[in-house]
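Colleague:
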Amino acid sequence: MKHKRIAVASAAALMLTLSACGGDSDGGSGGAYPSEDMDWTIAFGPGGGNDLMARTMVDILQRQDLYPENIRVENRDGGSGATGWGYLLNQSGEGYGISTTSGSFITTPLQADTGWEPTDFTPVGLLAADNALLIASGKADFQSYEEWVDYATEKGKVVVGGIGTVNVDYIIQQMIADAEGYEIDYVPYNEEGQMQTSLLSGAIDTMISNPGSIMGQIEAGQVTPLLFTGPERLEALPDVPTGEENDISDIPSMPRGLILPPEAPQEAQDWWIETMQEVVETPEWQEYLDENYLLEDERWGEDFTTYLDDTQTAFEERLTDLGAL
Numbered sequence: 008m009k010h011k012r013i014a015v016a017s018a019a020a021l022m023l024t025l026s027a028c029g030g031d032s033d034g035g036s037g038g039a040y041p042s043e044d045m046d047w048t049i050a051f052g053p054g055g056g057n058d059l060m061a062r063t064m065v066d067i068l069q070r071q072d073l074y075p076e077n078i079r080v081e082n083r084d085g086g087s088g089a090t091g092w093g094y095l096l097n098q099s100g101e102g103y104g105i106s107t108t109s110g111s112f113i114t115t116p117l118q119a120d121t122g123w124e125p126t127d128f129t130p131v132g133l134l135a136a137d138n139a140l141l142i143a144s145g146k147a148d149f150q151s152y153e154e155w156v157d158y159a160t161e162k163g164k165v166v167v168g169g170i171g172t173v174n175v176d177y178i179i180q181q182m183i184a185d186a187e188g189y190e191i192d193y194v195p196y197n198e199e200g201q202m203q204t205s206l207l208s209g210a211i212d213t214m215i216s217n218p219g220s221i222m223g224q225i226e227a228g229q230v231t232p233l234l235f236t237g238p239e240r241l242e243a244l245p246d247v248p249t250g251e252e253n254d255i256s257d258i259p260s261m262p263r264g265l266i267l268p269p270e271a272p273q274e275a276q277d278w279w280i281e282t283m284q285e286v287v288e289t290p291e292w293q294e295y296l297d298e299n300y301l302l303e304d305e306r307w308g309e310d311f312t313t314y315l316d317d318t319q320t321a322f323e324e325r326l327t328d329l330g331a332l
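Right under this line is the structure:
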């Protein structure tokens, strides 16, 4: 699969000259960074795109012996990511906490008093863009996008699901509904498994999922993909149309990135930027992108902060237009 690579800022401008194991810098713990176990937070439950990416990263770091100490991975879900990222916020000034980002990292502070903004955290980098599928149960009365539109418009109001309260998933569901002329009751979930159970039981009519999270169920016939939000059809799902084909433009993707706590030591940020630049060049990472249908989108350090700020502004405008804020 071909990937779209966004221009990457020069590594020399972003970091000190460090070895992959941290060089001779003092990480704030009395020794060269890194010299302690890493506390890796996944802000959502098991099974979703965020969980899958985080565990792929950790696996590569461990297989390649890039992190010299243990990495403790824990799902701390709740509040559309606010619980997990709030946990990381409380490690301000430290260099041994880390977390992956998603759309909720940008949207949750727009609709809840989280006590933090995306730009408060120390940026490592944006690594990939994750597009989505609109999914129906394999037993639903509608098994194509055209049939879904007919069903939803005839019914007038349908029940749909996604990860997070006011998130990329919500934006996608609302954009599709507005374009096709029906209303939605949006049900937020903290983890993919719960949402899939609701879909298969008939509690919701459709859900939003990422290809890497749902392809197994598609292949098994349990669920049916109706629409893809990426710029062109997936090779693996050539019969599934895109939003653009149905005159739904500028559908946002899920930003997959990595952050440290606020005011993390400079040597920690530098080490993680340099090390993750190694990770994204490994065959294992490229295989992950291919298997999960992700587009490369690499922005390191302050370039990632700029992206977060600009994207939050764009999401705020979109959510305001949709009446969610």
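The opening position of the sequence shown corresponds to residue 8 in my numbering, with each subsequent residue numbered one higher. From the three backbone atoms N, C-alpha and C, an ideal C-beta is built for every residue, glycine too. This structure is a prediction, so every number in the text was calculated from the model and none was measured.
At the level of alpha carbons, what is the spacing between residue 155 and residue 233?
Modeller: Position 148 of the sequence shown, counted from the start, is the residue given in the question as residue 155. Position 226 of the sequence shown, counted from the start, is the residue given in the question as residue 233. Roughly 8 angstroms between the two C-alpha positions.
Colleague: Among 200, 108, 58, which has the Cα closest to the Cα of residue 314?
Modeller: Within the sequence shown, the letter at position 307 stands for residue 314. Per the Cα distances, 108.
Colleague: Could you spell out the range, first to last residue, of the alpha helix (DSSP H) harbouring residue 274?
Modeller: As a working mapping, residue 274 is identified with position 267 in the sequence shown. First-last of the alpha helix (DSSP H) with residue 274: 273-286.
Colleague: Would you decide whether residue 260 is buried or exposed? Buried here means 16 or more other CB atoms lie within 10 Å of its CB.
Modeller: Mapped onto the sequence shown, residue 260 falls at position 253. By the 10 Å Cβ count, residue 260 comes out buried.
Colleague: In whole angstroms, what separates the C-alpha of residue 177 from that of residue 39?
Modeller: Within the sequence shown, the letter at position 170 stands for residue 177. Within the sequence shown, the letter at position 32 stands for residue 39. Near 44 angstroms, if we compare the C-alpha coordinates of residue 39 and residue 177.
Colleague: Taking the alpha-carbon of residue 137 as reference, which of 221, 310, 281, 283 has the nearest alpha-carbon?
Modeller: One-based indexing of the sequence shown puts residue 137 at position 130. Answer by Cα proximity: 221.
Colleague: Could you pull the start and end residues of the alpha helix (DSSP H) that residue 185 belongs to?
Modeller: In the sequence shown, residue 185 corresponds to position 178, counting from 1. First-last of the alpha helix (DSSP H) with residue 185: 175-187.
Colleague: Look at the Cβ atom of residue 238, then the Cβ atom of residue 251, and state whether they are nearer than 8 angstroms.
Modeller: As a working note, residue 238 is residue 231 in the sequence shown. As a working note, residue 251 is residue 244 in the sequence shown. Yes.
Colleague: Which one of 112, 264, 290 has the shortest CA to CA distance from residue 132?
Modeller: In the sequence shown, counting from the first residue as 1, residue 132 sits at position 125. Of the listed residues, the one whose Cα sits closest to residue 132 is 264.
Colleague: Among the candidates 206, 45, 191, 162, whose CA atom is the shortest distance from the CA of residue 106?
Modeller: Counting from 1 along the sequence shown, the entry for residue 106 is found at position 99. For the residues 206, 45, 191, 162, the minimum Cα distance to residue 106 belongs to 45.
Colleague: State whether the segment 210-220 contacts the segment 158-175, with contact taken as three or more CB pairs (one from each stretch) at a distance under 8 angstroms.
Modeller: Yes: at least three Cβ pairs fall under 8 angstroms.
Colleague: Looking at residue 101: is its Cβ nearer than 8 angstroms to the Cβ of residue 48?
Modeller: The residue you call residue 101 lines up with position 94 of the sequence shown. The residue you call residue 48 lines up with position 41 of the sequence shown. No.
Colleague: So, with DSSP's three-state summary, where would you put residue 40?
Modeller: Sequence index remark: in the sequence shown, residue 40 carries index 33 (1-based). In the structure shown, residue 40 sits in coil (DSSP, three-state: anything other than H, G, I, E or B).
Colleague: Would you call residue 31 buried or exposed, if buried means 16 or more other Cβ atoms sit within 10 Å of its Cβ?
Modeller: Counted from its first residue, the sequence shown places residue 31 at position 24. In this predicted model, residue 31 has a pLDDT of only 39, less than 50, meaning its place in the structure is not dependable; the value taken from the coordinates is given anyway. The residue in question, residue 31, is exposed, as its Cβ has fewer than 16 Cβ neighbours within 10 Å.
Colleague: On a Cα-Cα basis, can you pick out the residue from 149, 248, 52 that is closest to residue 162?
Modeller: Counting from one through the sequence shown, the residue named residue 162 turns up at place 155. Closest by alpha carbon: 149.
Colleague: Does the Cβ of residue 324 have 16 or more other Cβ atoms within 10 Å, making it buried, or fewer, making it exposed?
Modeller: For the purposes of this step, residue 324 is taken as residue 317 along the sequence shown, with counting starting at 1. Exposed, since its Cβ has fewer than 16 Cβ neighbours within 10 Å.
Colleague: Tell me the DSSP bridge mates of residue 230?
Modeller: Start at 1 with the first residue of the sequence shown, and residue 230 comes out as number 223. Answer is 144, bridged to residue 230.
Colleague: Quickly, what does DSSP pair residue 196 with across the bridge? List them, please.
Modeller: What you label residue 196 is simply residue 189 of the sequence shown in a count that begins at 1. Answer is 170.
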